[in-house]
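**Q**
In the working numbering, the protein residues as written are 65 to 597.
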């Protein structure tokens with residue numbers, strides 16, 4: 065049955081703007097919130113949902129996701145809808161699937177298999193950003209926004225060449241970027257510890273960000289170093305924003321690894337100085353101490369130049385393996401943030417195409433390597449060969465005091481950085497938003513409920529230049545989540561990550577219920593979000 069109007073009655077409204085919670089009723093007509101009352105006025109509707117003291121808030125916005133394929137492969141998107149997420153930002157870390165051509169698609173399918181899988185029989189019926197967004201629009205349970213990936217631009221123009229771009233190549237990248245932004249991209253992402261973006265310099269990034277600034281988009285960097293020179297990595301981001309005038313949104317902001325313990329005051333001062341200088345700044349973080357990426361990305365950048373076949377040849381070559389192992393264990397690898405790898409912090413969480421290696425997921429890589437009778441670095445290369453470079457992994461590298469301090473900043477938004485594939489993906493893919501409410505609001509009181517909801521809604525919507533999303537106000541889009549703030553709970557764990565949260569009862573996307581009474585409806589009302597002209 066189709067309902068033109070829906071009334072949520074008897075709820076406690078947390079408006080997403082930071083206001084104190086108030087009791088009231090919310091009337092939805094079509095895809096808009098049309099009336100908000102204090103509950104004393106009787107409103108008529110085709111359907112009434114009595115929510116009896118539950119929290120009614122704007123749908124949550126996940127500012128950093130890796131759902132680029134999975135949102136199409138599994139369009140009901142249970143992992144995010146059950147968290148209360150109604151909007152996701154795709155195209156992260158400088159690598160995704162648009163714009164592409166035949167050659168880059170082949171390389172990216174292999175390179176990103178550990179992030180997104182490479183589903184057999186999947187219909188790759190797009191090449192441009194416009195065609196990819198058309199594939200998404202109206203076919204997914206959540207709204208989506210897309211960042212143009214810097215790595216794609218580089219690959220289209222110069223492949224994985226480990227060098228700086230020529231002036232002509234840079235002009236070609238700028239032209240591709242303009243087209244992608246005009247077709248619906250909301251900004252530019254980059255992945256400066258991933259091939260091929262890691263071969264670029266600051267001047268290239270400034271030139272591209274000047275184009276983004278012209279279109280009113282934002283720059284979202286996975287910056288150049290999160291380890292040995294983490295502060296230098298952040299410093300370059302601020303320089304790019306100052307020189308180009310682009311709005312800056314720092315991706316998965318953290319200060320991890322033992323070498324950075326206690327350095328957070330320096331980063332916080334950088335944030336304050338950038339804001340004082342007029343930088344339009346926001347950032348996202350996730351409420352966990354472990355990160356997740358591919359095992360391949362930890363290798364030194366020289367070993368990942370060229371095609372996938374060339375990379376695999378190096379992984380098999382005794383001469384090149386010795387040099388890679390030297391970087392990982394003795395010198396430090398730029399892929400591993402300039403550090404040597406502490407293999408006891410690394411957990412392989414998927415062995416696609418190599419079921420005989422599934423046992424390695426039961427322990428850290430140092431322990432697994434010992435059982436295999438090999439050094440951890442050598443065994444890591446064996447895993448990469450067996451999985452054709454696609455094994456994902458989790459790193460336990462964070463500092464709780466840093467996580468708490470960053471989430472208290474006004475500029476903070478929430479991004480799961482969720483990777484949905486692998487045997488044991490990071491629990492943040494299913495638990496980020498309920499964990500914020502459960503742990504950091506209800507239990508630890510690091511944030512108030514109103515503050516936390518603002519970070520997860522209107523602050524993110526403002527970065528996307530969507531003044532009619534991320535808030536419960538009359539005229540806003542009806543992206544709504546209803547939950548019990550006293551019982552909401554994340555059940556996803558590192559051992560059993562694919563577990564839905566509880567305490568979230570209704571999720572509405574553009575006026576249609578994707579989750580009703582805690583059950584998925586199969587409704588896919590998500591739309592593509594574009595920057596306003």
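Glycine included, each C-beta is placed from N, C-alpha and C at the ideal position.
Skipping 5 residues on each side, what residues in its chain have a beta carbon closer than 7 Å to that of residue 248?
**A** Same-chain partners within the cutoff: 193, 194, 197, 210, 592 and 594.
**Q** Using only alpha-carbon positions, find the residue among 138, 167 and 201 that is nearest to residue 590.
**A** 201
**Q** Please report how far the alpha carbon of residue 256 lies from the alpha carbon of residue 102, in whole angstroms.
**A** Rounded to the nearest angstrom, the two C-alpha atoms are 50 Å apart.
**Q** Which ranges does the alpha helix (DSSP H) cover as unbroken runs of at least 4 residues, wholly within the region 235–289, from first to last along the chain?
**A** 266–278
**Q** Straight-line CA distance for residue 459 to residue 260?
**A** 22 Å
**Q** Give me, in chain order, the residues of the same chain whose beta-carbon lies closer than 8 Å to that of residue 288; leave out the 5 immediate sequence neighbours on both sides.
**A** In the same chain as residue 288, and ignoring 5 residues on each side of it, the C-beta atoms closer than 8 Å to its own belong to 256, 257, 262, 296, 297 and 300, in chain order.
**Q** Determine the burial state of residue 172: buried for a count of at least 16 other Cβ atoms within 10 Å of its Cβ, exposed for fewer.
**A** buried
**Q** Under 8 Å between the Cβ atoms of residue 542 and residue 206?
**A** no
**Q** Which one of 522, 571, 499 and 355 has the shortest CA to CA distance from residue 179?
**A** 355
**Q** Which stretch, first to last residue, makes up the alpha helix (DSSP H) that contains residue 142?
**A** 142–145 is the span of the alpha helix (DSSP H), which, as asked, contains residue 142.
**Q** Pair every Cβ in the region 510–527 with every Cβ in the region 123–132, then say whether three or more of these pairs are closer than 8 Å.
**A** They touch, by the three-pair rule.
**Q** Helix, strand or coil for residue 538? Go by DSSP, reduced to three states.
**A** coil
**Q** Let me check one thing: in DSSP terms, what residues is residue 126 bridge-paired to?
**A** 152
**Q** Kindly indicate the opening and closing residues of the alpha helix (DSSP H) around residue 196.
**A** Residue 196 -> alpha helix (DSSP H) spans 193–200.
**Q** Three-state secondary structure (DSSP) at residue 374?
**A** helix
**Q** Check for me: the alpha helix (DSSP H) holding residue 315 runs from which residue to which?
**A** Looking at the DSSP string, residue 315 is not in any alpha helix (DSSP H), and its letter there is neither H nor E.
**Q** For residue 471 and residue 511, I'd like the C-alpha separation in whole angstroms.
**A** 8 Å
**Q** Strictly under 8 Å for the Cβ-Cβ distance: is residue 421 near chain D by that measure?
**A** Judged by its chain identifiers, the structure shown contains no chain D, having just a single protein chain.
**Q** Based on the DSSP secondary-structure assignment, which residues constitute the bridge partners of residue 399?
**A** Answer is none; residue 399 lacks a bridge partner.
**Q** Please report the residue range of the beta strand (DSSP E) in which residue 207 lies.
**A** 207–213
**Q** Rounded to a whole number of angstroms, what is the C-alpha to C-alpha distance between residue 94 and residue 322?
**A** 52 Å
**Q** Between the beta-carbon of residue 439 and the beta-carbon of residue 399, is there less than 8 Å?
**A** no
**Q** Report the residue ranges of all beta strand (DSSP E) runs contained in full by the region 425–487; include only those spanning at least 3 residues, in chain order.
**A** 456–460 and 476–478
**Q** Touching or not, the region 147–159 and the region 529–545, by the rule of three or more beta carbon pairs under 8 Å?
**A** The region 147–159, when compared against the region 529–545, does touch it at the 8 Å Cβ threshold.
**Q** Helix, strand or coil for residue 367? Go by DSSP, reduced to three states.
**A** helix
**Q** Which residues in the same chain have their Cβ closer than 6 Å to the Cβ of residue 547, if we skip the five residues on either side of it in sequence?
**A** 119, 567 and 568
**Q** Can you tell me which residues form a DSSP beta bridge with residue 102?
**A** Answer is none; residue 102 lacks a bridge partner.
**Q** Across the region 97–112 and the region 495–502, are there enough close Cβ pairs to call them in contact, namely three or more that are closer than 8 Å?
**A** No, the region 97–112 does not touch the region 495–502.
**Q** How long is the line joining the alpha carbons of residue 105 and residue 516, rounded to whole angstroms?
**A** 29 Å
**Q** Count the other CB atoms within 10 Å of the CB of residue 186; is the residue buried (16 or more) or exposed (fewer)?
**A** exposed
**Q** Bridge partners for residue 111 per DSSP, in chain order?
**A** 70
**Q** Nearest CA to the CA of residue 504: which residue from 376, 389, 351 and 335?
**A** 351
**Q** Might you give, ordered along the chain, the residues of its own chain that have their beta carbon closer than 7 Å to the beta carbon of residue 618, omitting 5 neighbours on each side?
**A** An answer regarding residue 618 cannot be provided, because it is not within the stretch 65 to 597 covered by the chain.
**Q** Work out the CA separation of residue 137 and residue 70 for me, nearest whole Å.
**A** 30 Å
**Q** Output needed for residue 469: all residues of its chain with C-beta closer than 8 Å, excluding positions within five of it in sequence on either side, in chain order.
**A** 328 and 332
**Q** For the region 378–393 and the region 412–427, state whether three or more C-beta atom pairs, one from each stretch, are separated by less than 8 Å.
**A** Not touching, per the Cβ criterion.
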